[in-house]
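J.:
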């Protein structure tokens, strides 16, 4: 049994990074673009206004209640504007970084496939791959071999399944 360890690890890590890149980007951007201090301050003021409004009678102190209502609406609009600005910037970064990551990982995999197209990543005893040996080893010409193309397909499928399961279990979409 033979294992080309450098190809094995490079392809495995490359496909795992490719599959998990969207999840990594999402977590990184949510950390970078977390709520600003100003938005947190506005949110606290909104909570304070709401508690104050709940403590006064609308019928007995209508003018004060209306003033607080206008202030609450103004604060909510300000918070909404702050969130929209952050979400717009976050979306731009997500699209650019996602496209760049996809382009880089795809170019990397294509380069690996082109440069090592006739190499075997793993050579197993011939009987282990018995009926499918020629398909699994194509385009490498060694019997019992797992070609780079096959290894990329296997690693890509497994890592995409794992990324989907991990994404579902963490509540991410």
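Numbering (the working numbering), first residue to last: 634 to 806. For glycine and all other residues, C-beta sits at the position ideal for the given N, C-alpha and C.
1) Under three-state DSSP, which class holds residue 718?
2) With a Cβ-Cβ cutoff of 7 Å, do residue 654 and residue 792 count as a contact?
3) Please work out which residues of its chain come closer than 8 Å, Cβ to Cβ, to residue 771, disregarding the five sequence neighbours upstream and downstream, and give them in chain order.
4) In the DSSP output, which residue or residues are listed as bridge partners for residue 661?
5) Taking just the CA atoms, how far does residue 726 sit from residue 754?
6) Quick check: what's the CA-CA separation for residue 710 versus residue 789?
7) Report buried or exposed for residue 706, applying the criterion of at least 16 other Cβ atoms within 10 angstroms of its Cβ.
8) With a 10 Å radius around its C-beta and 16 neighbouring C-beta atoms as the bar for buried, classify residue 648 as buried or exposed.
9) Could you pull out every residue in the same chain whose Cβ sits closer than 8 Å to the Cβ of residue 749, ignoring the five residues on either side in sequence?
10) Under 8 Å: do the region 720-736 and the region 653-667 share three or more Cβ pairs, one atom per stretch?
T.: With the given structure in hand:
1) helix
2) no
3) 780, 782, 783
4) The partner list for residue 661 (beta bridge, DSSP) is empty, contrary to what the question assumes.
5) Those two C-alpha atoms are separated by around 37 Å.
6) 45 Å
7) exposed
8) buried
9) 640, 781
10) By the C-beta criterion, the region 720-736 is judged to be in contact with the region 653-667, since at least 3 inter-stretch pairs fall below 8 Å.
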